[in-house]
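Sequential numbering from 1 applies to the sequence shown in my numbering. Below is one structure; the comments refer to it alone.
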Amino acid sequence: MVVLLGVFMWEDKRGRRFGEPVRRLLDRGVDGIVFLRRYVVRLFSHGRLRLLLHWFIHKTLQFAAWSAHTAEAVLLKLQRRNRRAVRSLTRANNNSHLAQMKAHKRATALSSSEKEELKEKATRW
Numbered sequence: 001m002v003v004l005l006g007v008f009m010w011e012d013k014r015g016r017r018f019g020e021p022v023r024r025l026l027d028r029g030v031d032g033i034v035f036l037r038r039y040v041v042r043l044f045s046h047g048r049l050r051l052l053l054h055w056f057i058h059k060t061l062q063f064a065a066w067s068a069h070t071a072e073a074v075l076l077k078l079q080r081r082n083r084r085a086v087r088s089l090t091r092a093n094n095n096s097h098l099a100q101m102k103a104h105k106r107a108t109a110l111s112s113s114e115k116e117e118l119k120e121k122a123t124r125w
């Protein structure tokens, strides 16, 4: 402390600062630190950090809701397209297993005379 007091007194007598370039550089560094501290205090004081956190959470949830809505719309569109494809395939290919069974039943159906013969044969025993 005494050394600084001596330097300041010597500077007053000379009329200029001792080590001017170095002191100017140090002054700029100290001014920058003070400015940064004031900026940080102003930025995060009065609940700004809390407000920033709430804004970030809000934007995240907003994005999640938008994503869910978009995914739902895409899935509904795919579901409708799939239904249309299934309907067109069933119309075009009406040859299902049950239809094949009906066709086979008609093709192998017994005539009325064959039915009478089987009935007589069954009652004979």
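Ideal Cβ positions, reconstructed from N, Cα and C, are used throughout, including at glycine. Computed from a predicted structure; not experimentally measured.
Asked: Measuring CA to CA, which of 25, 8 and 119 is closest to residue 18?; Found: 8
Asked: Rounded to whole angstroms, what's the CA-CA distance from residue 53 to residue 63? Just pull it up for me.; Found: 15 angstroms
Asked: Is DSSP giving residue 45 helix, strand or coil here?; Found: coil
Asked: Reducing DSSP to helix, strand and coil, say where residue 138 ends up.; Found: This structure cannot speak to residue 138, because the chain is shown only from 1 to 125.
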